Structures are given as structure tokens and as C-alpha cells.
Amino acid sequence: MSSPLHEPDDDDVLSAGSQSQREMFLPDFSNISAGMNEELPKPALNPCTEVQEESENHHPQGLELATRRKNSSRENPLQRSQSQSEMSWRKPDVVSKKAEFQARIQELERASNAVASFLTLFKGAIAEISFTNENSTPADILLVKLTEMEIENTNLKRKMLEKEKCIQELSCLLQKEKANNLKATNHSRSVKVVQTRLQLQIQKKEVENDQLKEYMKSLETKIAEWNTQLRKHRHQTLTWKETNEPKKIALKKATKVQRQRAECLEADIGSLTSQIKDREAKLSETFSASSVWKSHYEKVVEEKTVLEVQIETLQKQIMSLLEDLKKIEDSGRNSTEDLLEKLHSSDSKNESINHENEKIKSTFAALKDKVASVEEELLELQEVEKQQKFLAEEYKTQVQKLQAAAEEVKSRYAKVLHENKLMKASKDLELEEVRSQKEAHFKELERARGLPKAAERRLQECHKNLLYFKGRCAEQTQTVRELQVQVDENDSLLKALSLEEKNCHIRLKCESLERKLEQMDADNAELENKLASQEEHLKFSELQLKKKSAEYGALARKLEATLEEGRQKVSEEMERLSSKEQALQIKIFDLETELRRKTEEQKQLVCQLNNNEQYQEVCLKEMQHSLDKSENQNKSIRNYIQFLKTSYITMFG
């Protein structure tokens, strides 16, 4: 302790040596800082002053960024398009610069960690030296400088972390804006595709309208032909009336005889119908008895279907019996006609009348076919109207979808702006959510370990239930089969009883019909007069002519009504088509305006995205500039630390 006090010459020599070394080192440091930071007018000797100047210069740079952003937003659209073309080839350079920045940041972190470790060691060495030399003033100065260096290092680390966060936020914003650009391009493509589809549909509608016009012309020609045919048929009916007037007088006499015979036949038919009703009542009683028996087996659905089929078969048998009765009556009538066939003269007249009636029927059938074709054509027109309505509804839905898509784009753009504002505040919340999700995931994994055992238990229980239900199904099938056997046996008994009763009724009917035939033979013997038979045939033919004339008149009226309705429908359809075409043109115009508006919005979005990219590039450049400055500061700190090492080695080595 006494040696430094009594030997001031050695201390003076050491201080002089340290001053000379500082003078040798500090000019180099100033040259380095002047070379790396040409903007500063005077390089600072101490690193603490450099850090303070950088912190002071950081705020005006932020102001410059704000002014540049405002100026970039006020540029012309031509300048924006030029900047967009320049940005397309600058993007890969930006990505490479980002990678270089990250590498430099990692190197700076490593260097700062090494400096911190070295400073701790250096503090220990200084503490040891302080015990030996308590009165030495340079050690105190160095300790003060070391503390300042530590503060500067902590400030630098904090700034580096803030810059890393800014870089990450900018990269996230770039990715989101690229995704929005892709969505906008995809939406514009879909709008173009919809426009092409609408144009194709409009062309198809025009072709369909032309076809409908040609079809209407063909219908008008057909209607004219039908009018001419109706006139011809009316002329023929008038001629028939003139020829059949003398025949009417003879037919009036035959009507009296036919009335008497008809009254007799009606009485016979009434007796037969009463008998048939009695038998139907008996059959209904049997059916009611069978339905009472079947009510016990309502639960089985298949039995009901079998019974319904049986009832239908019985009804068919009854119809067949009635047809047999009609055939027997027809045979009796045929016997009377055989007697009347002897009158050849009347037969020849009747045959001529029948030929004429057949011709009229053929013409009537042709008219019916034509009416059916007209109705089919009207149905086709109605189907075309339905299709056009369906297409109009589809157009409405497409327009609504486009409007919804435009609203979605607007909402997405507003959401993007809102999300850009909330990005900084949401990061901390996302970290907490990730932690909570991880904890929940671990809890779910612990729960999932016990799930396989529970699943195996459930499978065993399901297997047992399946076996139990299979046994139940087998038992139910056996019971259903037994019930079907019982139903079949009962049905066979009912059929046997019903057949026996039917045979008895048929025999009674046959006997009654034979009696009636004998009566008819007696009556036919009285019909030998030729004049009576001729009068009957003439009257019958006159009645047929009247009926046919009335039918022709009704058909003519119907045809005229259908033609008028067809013309009205055609006119209505033409008006509807014209209104629909006008509506489609209006819709197309609206869609075109919407497309123009959307394209303008897309252009505005692209310009905004370009401005954002330019702003990000400017920010990246400024970040690079600040990183270069920080690297220069770190180099100066390292050089200064080396100088301190050499000075202490010379002083205390």
C-alpha cells in the first residue's frame, strides 16, 4: 500500500503510457465510426455518447417515416403502377435482406452475450485489483465506464428485441396482404366466369324465342286447315239431314213397338238387379264376418295386404258373373236379330248407314287426335314457361350471390384494417391462449388413456344386445308364420263357401234366363212384319244421326274455344317473354355496373397494398440502417474493450 505513495514516478510513467496508448487507439476508432456513419459531422470518442446520439436520432427517423407514408398515399395512380412494377422484382431482394438481418441479429446476440460474460470476468479482475491498489484513480474511472457499457449493452439488447418484433409483425402483414391479393384475383375471375355464363344463357334464350315464333306460325297454319275441315264436315251433316228426313217418318212408327219391348226388358232387369242386390248383401255379410275375424290380427301388416288382395279377387269374380249375365242377355237378343236378318232390304240399308257412321267415326277420331296434339303442344308451351321462370329465379339467386360476395369483400377489408390495429394487443393474449391450449391438450391426453377401455366395454355390451335382438327377431318370425298359416286356412274355407253359394245363384239365374228366352222367342214370332223392323232401324239411325250432329257441334265449339285459348296463351307468352327479356337486359346492365364497381374497388385495394409494401420496404431499409449503426457501435465497443484489456495488461500485467 505504501509503494504507490512513495513512488509517484512509476504511476506517472504508467499514466503517460496509458494516455499514449489511448491516443494511438482512439483515432482509429473515430475513423471507423466516420467511415460507417457518414451522416454524422463529428465522430464521438466515447461509446456512451454515440449511443445517446443514436437514441436522439431515432425519433426524427420515425417522423421521416410518417411524412414518407403520407407522401406515398398522395402519389398519382401512374406512379403507383410504376412502383408496383418495381416492387415485383424487389420482393426477392427483400426476402434475402430479411434473412441477412436475422443472421446479423443472431450474431449480435452472440457478441452481446460474450461481452456480458467478459464484463463479469473483467469486474472480478477489477475487484481483485482494487484490493491491491485502492488509491488508483484509473481503476475507478474504468469501473464507471464499465457500468455505463453494461447499461448501453442492456439498452442495445432491448432495442434489438423491439426491432425483431417489428420485423416479425411486418412479415405477418406481408403474408396477409398477399393472401388478400390472391382472394381478390380469384373473386375477379369468378365474376368474369359468371358474366360469360350469363351471355351464353342470353344467346340460348334468343334461340329459343326464335324457335317459339316458328312454332306459332306452324300452329296458325294448322288452325286454318282445321277450320276448312270443320266447314266440310258441317256441309256433309246438312246433306245427311236432307236425305234422312223421309226415313224419320218410318222410324216414328217403330219407336212405339220398341218402347213396349223396352218396358218388358226393364221389368226383367229390375228383378235381376234385386236378386243381385240380395246376393251382394249376403256377400257383404260374409265379408263383415271375415273382417271381424281379421280384426284380431291387425298388428301384422302383411295379413292386411293378403286380405285386401282376396277381396279384390272376389270383386273381380262378381264382375265376371255380371258379364256372363250380360252375355246371356246378348245371346237372347242375337236370337231375335237372327229372325230379323231375313229382311234383306232393311239390312242393306242399315249396312250403308253403318258404313257412313264408320266414316264419320274415323273423321271424329282424326279430329280427336288433332285436339290431343293441340293439347300436347299447349302442355309443351306451359313447360317452356316453367323453364323460363326457373331460369329467372336462377338469375335472381346468382345476383344475390354476387351481392353477398361484394358485401363479404367489404367486410373482409374492414376486418383487415381492424386486425392491423389489434395485432399488437392480441399477441400477448395469443401466448396465454397457447399456454392454456397446451395445458388442456395434456389433460385431454390423460383422459384419452382411459377411453379405449370404455370403448371395449361398450362393444361387449353392444354384442350382447345384438344376440338378444336376434333371438327376439327369430321368435317374431315364427309367430308371423303361424298366423299366416291360420289366415290361409280360414281364407280357403271362406272361398269354398262363397263358391258353393255362387254356383247356386248361377243355376237359379240360368233357369230364369231360359224362361225369359222362351218368352222372347214368343215375342219374336210376332215381329215378322217387315215394315215394323224397317221403321225400328230407321228410327235408331235417326237417333244416332241426331247424337252425332250434336257431338259434331260440341266438338266444333270446343275446337273454336281451344283455338281462342291457344291464341290468347300465345299472346300472353309473347308478352311474358318480352317482359322477361327486358328484365334480363336490366339485370345484365346492373351486373355490368356491379362488375365495374368491383373492378374499381379491386384497383383501389391493389394500390393500397402497393403503398403498404412500399412503406414496409422503407421501414426495412431504415431498420437495416439502424442495424448497421448498431453493428458499428458493437465494433467500437469491442475495440474499446480490447484497448482496456491491453491497457490493464500493460498497467497490471
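Residue 663, in the working numbering, is where the sequence shown stops; the numbers in between run on with no holes.
From the three backbone atoms N, C-alpha and C, an ideal C-beta is built for every residue, glycine too.
Predicted model only: the values in this text are computed from it and were never measured.
Exercise. Just how far apart, CA to CA, sit THR249 and LYS242?
Worked result: Start at 1 with the first residue of the sequence shown, and residue 249 comes out as number 239. Start at 1 with the first residue of the sequence shown, and residue 242 comes out as number 232. Counting only the Cα atoms, LYS242 lies some 11 Å from THR249.
For this session: With a 10 Å radius around its C-beta and 16 neighbouring C-beta atoms as the bar for buried, classify ILE161 as buried or exposed.
Result: Locating residue 161 in the sequence shown gives position 151, counting from the first residue. Exposed, because fewer than 16 other Cβ atoms sit within 10 Å of the Cβ of ILE161.
For this session: Let me know if ILE647 comes out buried or exposed under the rule of 16 or more other beta-carbons within 10 Å of its beta-carbon.
Result: Counting from 1 along the sequence shown, the entry for residue 647 is found at position 637. ILE647 comes out buried.
For this session: Could you work out which residue in LYS223, LYS155, GLN624 and ARG607 is closest to GLU417 when comparing CA atoms only?
Result: If you number the sequence shown from 1, residue 417 lands on position 407. Cα-wise, what sits closest to GLU417 is ARG607.
Exercise. Going by the CB atoms, is the gap between LEU152 and TYR658 shorter than 9 Å?
Worked result: Here the question's residue 658 lines up with position 648 in the sequence shown. Here the question's residue 152 lines up with position 142 in the sequence shown. The answer is yes: Cβ separation under 9 Å.
Exercise. When the Cα of GLU3 is compared with those of LEU555, LEU565 and PHE400, which residue comes out closest?
Worked result: Outside the shown range of the chain, which is 11 to 663, sits residue 3, and nothing can be said about it.
Exercise. Taking the C-alpha atoms as reference points, what is the distance between ASN219 and LEU587?
Worked result: Within the sequence shown, the letter at position 209 stands for residue 219. Within the sequence shown, the letter at position 577 stands for residue 587. One C-alpha to the other measures close to 8 Å.
Exercise. Can you tell which of LYS568, ALA277, ASN123 and ILE596 has its C-alpha closest to the C-alpha of THR164?
Worked result: Indexing the sequence shown from 1 puts residue 164 at position 154. THR164 has its Cα closest to that of ASN123, out of LYS568, ALA277, ASN123 and ILE596.
For this session: Answer yes if the stretch 597-612 comes into contact with the stretch 195-202, meaning at least three C-beta pairs across the two stretches below 8 Å, and no otherwise.
Result: When Cβ pairs closer than 8 Å are counted between the two stretches, the stretch 195-202 is seen to touch the stretch 597-612, the count reaching three or more.
Exercise. Taking buried to mean at least 16 other C-beta atoms within 10 Å of its own C-beta, is GLU665 buried or exposed?
Worked result: The shown model of the chain, from 11 to 663, leaves out residue 665, and the question about it has no answer.
Exercise. Taking LEU240 as the reference, which of THR603, GLU582 and LYS568 has the closest Cα?
Worked result: As a position in the sequence shown, residue 240 is number 230, starting the count at 1. Comparing Cα positions, the closest option is LYS568.
Problem set entry | Distance, LEU573 Cα to ARG271 Cα | Taking the first residue of the sequence shown as 1, we reach residue 271 at position 261. Taking the first residue of the sequence shown as 1, we reach residue 573 at position 563. Whole-angstrom Cα-Cα distance: 46 Å.
Problem set entry | Exposed unless 16 or more other CB atoms sit within 10 angstroms - verdict on GLN116 | In the sequence shown, the residue the question calls residue 116 occupies position 106. Under this definition GLN116 is an exposed residue.
For this session: Specify whether the stretch 623-640 and the stretch 204-217 touch according to this definition: at least 3 beta carbon pairs, one from each stretch, less than 8 Å apart.
Result: Output reads no: the stretch 204-217 does not touch the stretch 623-640.
Exercise. In angstroms, rounded to a whole number, what distance separates the CA positions of MET159 and ASN644?
Worked result: Residue 159 sits at position 149 when you count from the first residue of the sequence shown. Residue 644 sits at position 634 when you count from the first residue of the sequence shown. Their backbone Cα atoms lie some 11 Å apart in a straight line.
Exercise. Taking Cβ positions only, does ALA109 come closer than 9 Å to chain D?
Worked result: Looking for chain D here will not work: only one protein chain is present.
For this session: Could you name the residues of the same chain whose beta carbon sits closer than 8 Å to that of LEU401, not counting the 5 residues immediately before and after it, in chain order?
Result: Residue numbering aside, residue 401 sits at position 391 when the sequence shown is read from its first letter. Correct list, in chain order: GLN211 and LYS215.
Exercise. From LEU156, GLU119 and ARG120, pick the residue whose C-alpha is nearest to that of ILE651; which is it?
Worked result: Taking the sequence shown and counting its residues from 1, one reaches residue 651 at position 641. Per the Cα distances, LEU156.
Exercise. By how many angstroms is the C-alpha of ILE177 removed from the C-alpha of MET682?
Worked result: This structure cannot speak to residue 682, because the chain is shown only from 11 to 663.
For this session: Would you tell me roughly how many angstroms separate the C-alpha atoms of ASN621 and LYS425, rounded to the nearest one?
Result: Translated into the one-based positions of the sequence shown, residue 621 becomes position 611. Translated into the one-based positions of the sequence shown, residue 425 becomes position 415. One C-alpha to the other measures close to 19 Å.
Problem set entry | Contact set for LEU605: own chain, Cβ-Cβ below 7 Å, skip 5 residues either direction | In the sequence shown, counting from the first residue as 1, residue 605 sits at position 595. VAL201 and GLN205.
For this session: Determine the burial state of GLU627: buried for a count of at least 16 other Cβ atoms within 10 Å of its Cβ, exposed for fewer.
Result: For the purposes of this step, residue 627 is taken as the residue at position 617 of the sequence shown. GLU627 comes out buried.
Exercise. If you draw a straight line from the alpha carbon of SER284 to that of TYR562, how long is it in whole angstroms?
Worked result: For this step, residue 284 is matched to residue 274 along the sequence shown. For this step, residue 562 is matched to residue 552 along the sequence shown. Straight through space, the alpha carbons of TYR562 and SER284 are spaced by roughly 39 Å.
Exercise. Would the beta-carbon of GLU119 fall within 9 Å of that of LYS175?
Worked result: Along the sequence shown, read from residue 1 onward, the residue named residue 119 stands at position 109. Along the sequence shown, read from residue 1 onward, the residue named residue 175 stands at position 165. Cβ distance not < 9 Å, so GLU119 and LYS175 don't count as in contact.
Exercise. Looking at C-alpha atoms only, which residue of ASN642, ARG577 and MET226 is the closest neighbour of ALA121?
Worked result: For this step, residue 121 is matched to residue 111 along the sequence shown. Here the closest residue by C-alpha is ASN642.
For this session: Indicate whether LEU619 and GLU187 have their beta-carbon atoms separated by less than 9 Å.
Result: For the purposes of this step, residue 619 is taken as residue 609 along the sequence shown, with counting starting at 1. For the purposes of this step, residue 187 is taken as residue 177 along the sequence shown, with counting starting at 1. Taking the C-beta atoms as reference points, GLU187 is found nearer than 9 Å to LEU619.
For this session: Compare the beta carbon distance of ALA194 and VAL616 with 9 Å and say whether it is the shorter of the two.
Result: Walking along the sequence shown from the start, residue 194 turns up at place 184. Walking along the sequence shown from the start, residue 616 turns up at place 606. Contact: yes.
Problem set entry | Alpha carbon of ARG269 to alpha carbon of LYS227, nearest angstrom | Within the sequence shown, the letter at position 259 stands for residue 269. Within the sequence shown, the letter at position 217 stands for residue 227. About 54 Å.
Exercise. Taking Cβ positions, are LEU208 and ILE598 nearer each other than 9 Å?
Worked result: Residue mapping note: residue 208 aligns to position 198 of the sequence shown, counting from 1. Residue mapping note: residue 598 aligns to position 588 of the sequence shown, counting from 1. Going by C-beta atoms, LEU208 is nearer than 9 Å to ILE598.
Problem set entry | Under 9 Å between C-beta atoms of THR247 and SER559 | Walking along the sequence shown from the start, residue 247 turns up at place 237. Walking along the sequence shown from the start, residue 559 turns up at place 549. Yes, these two residues count as a Cβ contact at 9 Å.
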